[in-house]
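These notes concern the structure reproduced below.
Residue numbers (the working numbering): 531 to 914.
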């Protein structure tokens, strides 16, 4: 079912052209993000190696201080870049059409909820505030950076070795550069990551919602279209075809045959290899016709059991479907016709079996048809 629901999500959620453009944009930005991350990592490693040999006393304290400063400004930059790059949500005013059990449009309106976009509004506000403060308070910002650099340099002073004459190296410029470098690197990393990964997170969330929304609709539609009462005979009215069936219903005999026959080796296609692997035996043939349904991802499957020479079928035919169909066994009454057929709705190919000329639990003919091997069917119906 997963493949089918994913097809529905892809169809209803986001237009394919827009998905393609998003992937192209993501692929073009990712190399830039990788370069920023790798460059930041290399610079940081070289910086720590250099500082390890530079600091004389209290190396552990000094390196920990530098790491704290780097982490604080890098994470702050990431948060700033995240705020700048928060994407706008895709708002679609079209709602899903409600349909009744018979597949016709329902006059009731579909109700639901829209996403809370407060984070987008907050992002806009903060972005405008930051830009406004930067333009109007640029001088104050420089003073704040200078004070922060001075405090960082002062905290590292105890680990700085003395030079000739007893003077110490001033780390003010180093501290200032440290702040600028990692604030910019963090902003770029946060911005690029948000442009690439954050839309994917939001899209996956939308896909999950769409999957839940259409799951009940699609399953109800499939159940109604696969209603066994529309195509199968009333088992209570079956005529007994031989003396051995006087005490047992024909459907019960077929069910005994199914229970006594182990499933095929593929758990996803249990009927494959279970019923002999041939679709033609003696004068009976099992065939199928597949057409696309009006709903994307669904296909109408017409399973046909017929005689090759056109003579009437003499006994009911049991069609054994994939175990996802309920009931799995459908018994068709030919009523003197040369063929019987069963119409179901499916989202992908499967193997079907047929029980013909059933006289007892040991005397019967069996046919098998793998729909995935039939040529010239709709491309989306096949699976691999």
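Just so it is clear, CB atoms sit at the ideal spot from N, CA and C, and this is done for glycine as well.
Contact check, residue i vs residue j, beta carbons under 7 Å
{"i": "residue 904", "j": "residue 896", "result": "no"}
{"i": "residue 657", "j": "residue 614", "result": "yes"}
{"i": "residue 480", "j": "residue 891", "result": "Nothing in the structure corresponds to residue 480, since the chain is present only between 531 and 914."}
{"i": "residue 794", "j": "residue 721", "result": "no"}
{"i": "residue 707", "j": "residue 585", "result": "no"}
{"i": "residue 853", "j": "residue 800", "result": "yes"}
{"i": "residue 887", "j": "residue 837", "result": "no"}
{"i": "residue 560", "j": "residue 825", "result": "no"}
{"i": "residue 828", "j": "residue 877", "result": "yes"}
{"i": "residue 705", "j": "residue 683", "result": "yes"}
{"i": "residue 784", "j": "residue 866", "result": "no"}
Residue environment, residue i, which counts as buried when at least 16 other CB atoms sit within 10 Å
{"i": "residue 562", "result": "exposed"}
{"i": "residue 621", "result": "The pLDDT assigned to residue 621 is 42, lower than 50, so where the model puts this residue is not dependable, and the model offers no usable value."}
{"i": "residue 863", "result": "buried"}
{"i": "residue 578", "result": "exposed"}
{"i": "residue 674", "result": "exposed"}
{"i": "residue 868", "result": "exposed"}
{"i": "residue 814", "result": "buried"}
{"i": "residue 766", "result": "Any reading at residue 766 needs caution, since the residue's pLDDT is 38, under 50, leaving its predicted position unreliable; the model's value is listed next. By the 10 Å Cβ count, residue 766 comes out exposed."}
{"i": "residue 802", "result": "buried"}
{"i": "residue 703", "result": "exposed"}
{"i": "residue 835", "result": "buried"}
{"i": "residue 907", "result": "buried"}
{"i": "residue 724", "result": "buried"}
{"i": "residue 648", "result": "exposed"}
{"i": "residue 899", "result": "buried"}
{"i": "residue 913", "result": "exposed"}
{"i": "residue 764", "result": "Low confidence applies to residue 764: its pLDDT is 41, below 50, so where it sits in the model is not reliable enough to give any reading."}
{"i": "residue 709", "result": "buried"}
Minimum C-alpha distance to residue i - residue among the options
{"i": "residue 911", "options": "831, 716, 682 and 700", "result": "831"}
{"i": "residue 842", "options": "797, 870 and 823", "result": "870"}
{"i": "residue 821", "options": "594, 875 and 684", "result": "875"}
{"i": "residue 701", "options": "738, 723 and 596", "result": "596"}
{"i": "residue 859", "options": "837, 909 and 781", "result": "781"}
{"i": "residue 651", "options": "570, 681, 590 and 617", "result": "617"}
{"i": "residue 686", "options": "728, 741 and 599", "result": "599"}
{"i": "residue 797", "options": "872, 880, 711 and 573", "result": "880"}
{"i": "residue 809", "options": "672, 705, 574 and 882", "result": "882"}
{"i": "residue 817", "options": "684, 872 and 667", "result": "872"}
{"i": "residue 915", "options": "564, 851 and 670", "result": "Shown here, the chain extends from 531 to 914; a query on residue 915 therefore has no answer."}
{"i": "residue 567", "options": "667, 806 and 711", "result": "711"}
{"i": "residue 804", "options": "738, 811 and 790", "result": "790"}
Open item on the list: Measuring CB atoms only, is the region 711-726 touching the region 597-606, in the sense that at least three cross pairs come out at less than 8 Å?
Closed with: yes
- [ ] Would you be able to state if there are at least three C-beta pairs under 8 Å between the region 717-733 and the region 572-591?
- [x] no
TODO: Only counting runs of 3 or more residues, tell me where the beta strand (DSSP E) segments fall wholly within the region 773-840, in order along the chain.
DONE: 814-822 and 829-837
Task: Any alpha helix (DSSP H) of 4 or more consecutive residues that is wholly inside the region 646-694 - done: 648-666 and 668-686
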